[in-house]
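Sequence lines, in order, name chains A and B.
Sequential numbering of the first sequence, starting at 1, is according to my numbering.
Sequential numbering of the second sequence, starting at 1001, is according to my numbering.
C-beta atoms are modelled at their ideal positions from N, C-alpha and C, and glycine is treated no differently.
See below for the structure under consideration.
Protein chains: 2
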Amino acid sequence: MATLTGNAIIGQSGGPTAVINQSLVGVIEEAKKTAHIQELFGARHGVRGIVNEQFVPLKAVPDALLARIAQTPAAALGSTREKPDADYCHKIFQVFEKNNIRYFFYIGGNDSADTARIVNDLAKQAGYQLRTIHIPKTIDNDLRVHDHTPGFGSAAKFVAAAMIGDNYDNKSLPGVKVNIVMGRNAGFLTAASVLARKSKTDGPHLIYVPESPLSEEKFLADVERVYSKLGRCLIAISEGVAAPDGKAWAEKMAENLEEDSHGNIQLSGSGALGDFFANLIKKKLPNPAGKKLRVRADTYGYLQRSFPGFVSKTDAAEARLVGQMAVKYSAESDIDGSVAMRRTDASKYQIETFLTPLETVARETKHMPPEFIADGNNITKAFINYAKPLVGPLPKVGSFDELK
Amino acid sequence: MATLTGNAIIGQSGGPTAVINQSLVGVIEEAKKTAHIQELFGARHGVRGIVNEQFVPLKAVPDALLARIAQTPAAALGSTREKPDADYCHKIFQVFEKNNIRYFFYIGGNDSADTARIVNDLAKQAGYQLRTIHIPKTIDNDLRVHDHTPGFGSAAKFVAAAMIGDNYDNKSLPGVKVNIVMGRNAGFLTAASVLARKSKTDGPHLIYVPESPLSEEKFLADVERVYSKLGRCLIAISEGVAAPDGKAWAEKMAENLEEDSHGNIQLSGSGALGDFFANLIKKKLPNPAGKKLRVRADTYGYLQRSFPGFVSKTDAAEARLVGQMAVKYSAESDIDGSVAMRRTDASKYQIETFLTPLETVARETKHMPPEFIADGNNITKAFINYAKPLVGPLPKVGSFDELK
């Protein structure tokens, strides 16, 4: 099949990452080089900007501005949480026809891949020539086929660095500290806190991920054991951590939680879960090791996904690459799909990209494999080996304890 | 008076900063060069380490380790919130006599300066030759005589960068976002969020500091006005913000707040205040501009004071400098005091250090001057001019809105 000539559209969807615009700029710079993409329209706020025809002509954007946009967190075109139904998709498709759009690039997670898949199927049914390429982004790192996703490395670097600082804060003024990390279903980001450890006594001392059910009894016994031994305890808890009955602690705790239009319950943007665990410790474990207990909680919140100037270089480069490759695949291949990465070398970190069918990315997500989790409260060396190259170098720190 | 020869002790006290160990290392490297300081003992966890004689011999620490410790957040010697009474100070003084300690360096805020002052007075009364030098650190920036304090610039850089990211996050997925910033009595750190603004529509759109009483009515009217105009609203609120009756909102809100041993109420280490303001908006302002309101809250928490690898270069250098100068002053001068900085040039940023009497630093703190605050919800150009050189360059970002 010959390469289609026509216009292209690109949109961004779902939660921000610190490198999502690297992918956008990757698409723009590659599209500028190609003949088969005539106009490249940027849709404002994802699918909403498509149906409303709110477009930014992206080939005309000056390079100097693109360079700054590439290192700006959060969707530069605007994002959306809207999940289009059949009617909505039909409208999208009409706009595509009207504007001779032959290429549809959609940057997002599994929900966005599903939207792309539905629009693509509609085009096929109508016999309308359309190439649909999904470009992955999610700090959750939970796409099924992808070794990892752009956005994760930078969020993981932020979490690991925050935990390094908090470990020294906690050493300096000992107590129990609870840190809530993003991750609704997958524990990858919370697990990244393990990268903060340099010595045996460094925190986080306990790491809880959604994949391991956590009972109140186990939690309190864990905290008491660590505190009795070290006189302090630093804890990383995923916002999606669940009780043994399978229900998320956040759900059990809250009475009036909001739901977004994907049926997801609001876990972020509130400090309630951290305070819940801190209060549990204060109430049920008031006096371990015979000392008055100092318990604090922080919720890392939106900083994890949108803190500027502190990205993983590997992550930024890979986010750019998957954008560039999306345009290359659109010319070379007559299949639609999601740009994925896989490792090509067992001895050192090296990746290649490939195109995976949209239906392998859409809807369902991936969980942490069992070999990454230990004892329901710890993360293994296998995860460290997996995550370290994605995060890159962390701030160098030191302690007088090293003199011992 | 001839320079005293004897041993020296150094301790760290109060909340962590990202550069507090720069000052510690400044003292160590300068002490290594001097003859009048024979041994330099590091007291573990401030005054507690003095009375328990838990010392680290600091002149023997290898330079390579010191280089790493200098860039490690939070007191490397350990900190304390203990405020010694007369008995306690007497014990400190006994340890000084026993170990021939003639120099007492204490890194901390106004509470630490007060401790230093009391110990110093006790020595004077006993006719014991002692030089007491307080070395300033506090992210609150609230010491009375000091133009600014080491630790503030780095915390301010973190807050400004976080707010830059959150501004783009909020543009990307519009809604109302409340961010709680540290600062019990002084609004300097919350005010630093203003540095995130590049264009007229950039957030934070509302900035509330403890110096300006805030009524529920004003708060809701402000939010409604901004949201109606921009379709979004990014808010920075100081943890110490007070109601018109002078009571902190955190106090009004909470029933079971902890107090530390200085009589300070626990404001940090909980997401409650942010959630309180978010819920207030949800409840009383459910539907401004005819749209369902998306309201989220983050509490920046301990990250502000202990995030590694993201310090202000100016702040780090000045923190080192005040440590070095403390040792120099101890040799040259027969007076005790706190090492302070003042600006020496109106046209460009330049500082010099001087020694100010301990009683000018102890106990009372400084507030934001009225010329830094506008309309009870904004921060002025005068503050921006004051704070910018302390924070240094911020991450470069860009938006397609610049094309308009």
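(Q) Does the stretch 1335–1350 of chain B come into contact with the stretch 1049–1056 of chain B, if we say contact requires no fewer than three beta-carbon pairs (one atom in each stretch) closer than 8 Å? (A) Contact annotation: the stretch 1335–1350 of chain B does not touch the stretch 1049–1056 of chain B, with fewer than three C-beta pairs closer than 8 Å.
Q: Evaluate the contact criterion for the stretch 335–344 of chain A versus the stretch 82–102 of chain A: three or more CB pairs, one atom per stretch, below 8 Å.
A: In short, these stretches do not touch, since the Cβ pair count stays below three.
Q: Would you list the residues sitting across from Asp147 (chain A) in a DSSP beta bridge?
A: DSSP lists no partner for Asp147 (chain A).
Q. So the alpha helix (DSSP H) Gln12 (chain A) belongs to, where does it begin and stop?
A. No alpha helix (DSSP H) contains Gln12 (chain A), which is instead part of the beta strand (DSSP E) from 6–12.
Q.
Within a Cβ cutoff of 8 Å, which residues of the same chain sit near Leu293 (chain A), ignoring the five residues on either side of it in sequence?
A. Answer for Leu293 (chain A): Gly175, Val176, Tyr227, Ile281, Lys282, Leu285, Pro286, Asn287, listed in chain order.
(Q) I believe Pro1210 (chain B) touches Gly1183 (chain B) by the beta-carbon criterion, under 8 Å. Please report the beta-carbon distance rounded to the nearest angstrom. (A) 7 Å between Cβ atoms; contact.
**Q.** Min CB distance Arg1081 (chain B) to chain A below 8 Å
**A.** Yes, because at least one Cβ of chain A sits closer than 8 Å to the Cβ of Arg1081 (chain B).
Q: Determine the burial state of Ala1192 (chain B): buried for a count of at least 16 other Cβ atoms within 10 Å of its Cβ, exposed for fewer.
A: Residue burial is scored here from C-beta neighbours: Ala1192 (chain B) has at least 16 other C-beta atoms within 10 angstroms and is therefore classed as buried.
Q: Please state if the CB of Leu303 (chain A) and the CB of Phe158 (chain A) are separated by a distance shorter than 8 Å.
A: Closer than 8 Å, so yes.
Q) Short check: CB of Leu1024 (chain B) to CB of Gly1323 (chain B), under 8 Å? A) In this structure, Gly1323 (chain B) lies closer than 8 Å to Leu1024 (chain B) by Cβ.
**Q.** Collapsed DSSP secondary structure at Ala1382 (chain B) in the structure displayed
**A.** Helix, per DSSP.
Q: At 9 Å on the CB atoms, spell out the chain A contacts of Ile1271 (chain B), in chain order.
A: Strictly speaking, residue 1271 (chain B) in this sequence is Gly, with Ile absent from that position. Correct list: Ile180, Ser270, Gly271, Ala272, Leu273, Gly274, Asp275, Ala297, Asp298, Thr299, Gly301.
Q) Is the stretch 4–20 of chain A in contact with the stretch 42–52 of chain A, if contact means three or more CB pairs nearer than 8 Å? A) Contact holds between the stretch 4–20 of chain A and the stretch 42–52 of chain A, because three or more Cβ pairs, one in each stretch, are under 8 Å apart.
Q: Taking a Cβ distance cut-off of 9 Å, strictly less, list which residues of the stretch 1062–1092 of chain B are near chain A, in chain order.
A: Residues of the stretch 1062–1092 of chain B that bring their beta carbon within less than 9 Å of a beta carbon in chain A comprise Pro1062, Ala1064, Leu1065, Leu1066, Ala1067, Arg1068, Ile1069, Ala1070, Gln1071, Thr1072, Pro1073, Ala1074, Ala1075, Ala1076, Leu1077, Gly1078, Ser1079, Thr1080, Arg1081, in sequence order.
Q.
Just to make sure I have the definition right: I need the residues of chain A whose C-beta is within less than 8 Å of the C-beta of Val1056 (chain B). Which are they?
A. Per Cβ cutoff of 8 Å: Phe400, Leu403.
Q: Pick helix, strand or coil for Glu1239 (chain B), following the three-state DSSP scheme.
A: Three-state DSSP puts Glu1239 (chain B) in coil, outside helix and strand.
Q | Interface residues of chain B facing Asp166 (chain A) [CB-CB closer than 7 Å] | A | Here the neighbours are Tyr1302, Ser1306.
**Q.** Reduced DSSP secondary structure (H/G/I, E/B, other) of Asp1298 (chain B)
**A.** Here Asp1298 (chain B) carries a strand assignment [DSSP, helix/strand/coil].
Q | Element boundaries [alpha helix (DSSP H), containing Arg68 (chain A)] | A | Per DSSP, the continuous alpha helix (DSSP H) segment holding Arg68 (chain A) begins and ends at 63–70.
Q. In angstroms, rounded to a whole number, what distance separates the CA positions of Ala1307 (chain B) and Leu77 (chain A)?
A. The sequence shown places Phe at residue 1307 (chain B), rather than the Ala named in the question. Pairing Phe1307 (chain B) with Leu77 (chain A), the inter-Cα distance amounts to about 30 Å.
**Q.** Pairwise C-alpha distance: Gly231 (chain A) and Asn378 (chain A)
**A.** Between the alpha carbons of Asn378 (chain A) and Gly231 (chain A) lies a gap of roughly 19 Å.
(Q) Please state whether the Cβ-Cβ distance between Leu234 (chain A) and Asp140 (chain A) is less than 8 Å. (A) No, Cβ-Cβ distance for Leu234 (chain A) and Asp140 (chain A) is not below 8 Å.
Q) If you draw a straight line from the alpha carbon of Pro73 (chain A) to that of Phe1400 (chain B), how long is it in whole angstroms? A) So the alpha carbons of these two residues sit roughly 13 Å apart.
Q. From B:Thr1132, B:Pro1136, B:Thr1080, pick the residue whose C-alpha is nearest to that of Asn1120 (chain B); which is it?
A. Closest by alpha carbon: B:Thr1132.
Q.
Buried or exposed, going by whether 16 or more other CB atoms sit within 10 Å of the CB of Arg1363 (chain B)?
A. So Arg1363 (chain B) ends up on the exposed side.
Q) Are the C-beta atoms of Val1391 (chain B) and some chain A residue less than 8 Å apart? A) No, Val1391 (chain B) does not count as interfacial toward chain A.
Q) Quick one: complete beta strand (DSSP E) runs, 3+ long, within the stretch 1072–1159 of chain B? A) Whole beta strand (DSSP E) segments, 3+ residues: 1101–1108, 1131–1136.
Q) Secondary structure at Met341 (chain A), three-state DSSP: helix, strand or coil? A) Reduced to three states, the DSSP call for Met341 (chain A) is strand.
Q) What distance in whole Å lies between the Cβ atoms of Arg305 (chain A) and Thr17 (chain A), which are believed to be in contact at a cut-off of 8 Å? A) That belief holds up - the Cβ atoms of Thr17 (chain A) and Arg305 (chain A) are roughly 6 Å apart, short of 8 Å.
(Q) Let me make sure I understand the geometry here. Which of A:Met325, A:Arg144, A:Glu97, A:Thr115 has the alpha-carbon closest to that of Ala126 (chain A)? (A) The option with the nearest alpha carbon to Ala126 (chain A) is A:Glu97.
Q) If you measure from the beta carbon of Ser172 (chain A) to each beta carbon in chain B, is any gap under 8 Å? A) Residue-level contact check: Ser172 (chain A) touches chain B, since one or more beta carbons of chain B fall below 8 Å from its beta carbon.
Q.
So, at 7 Å on beta carbons, what are the nonlocal neighbours of Lys1328 (chain B) in its own chain, with the 5 sequence-adjacent residues on each side left out?
A. Excluding positions up to five away in sequence, the list reads Glu1030.
Q.
Counting only C-beta atoms, is Gly231 (chain A) closer than 8 Å to chain B at any point?
A. False, the Cβ-Cβ gap to chain B never drops below 8 Å.
Q | Simplified DSSP assignment, three categories, for Ile180 (chain A) | A | Here Ile180 (chain A) sits in strand by DSSP.
Q: Measure the C-alpha to C-alpha separation of Val1311 (chain B) and Pro1395 (chain B) and round it to an integer number of angstroms.
A: One C-alpha to the other measures close to 12 Å.
Q. Residues of chain A with CB under 7 Å from Lys1396 (chain B), in chain order?
A. Per Cβ cutoff of 7 Å: Arg68, Gln71.
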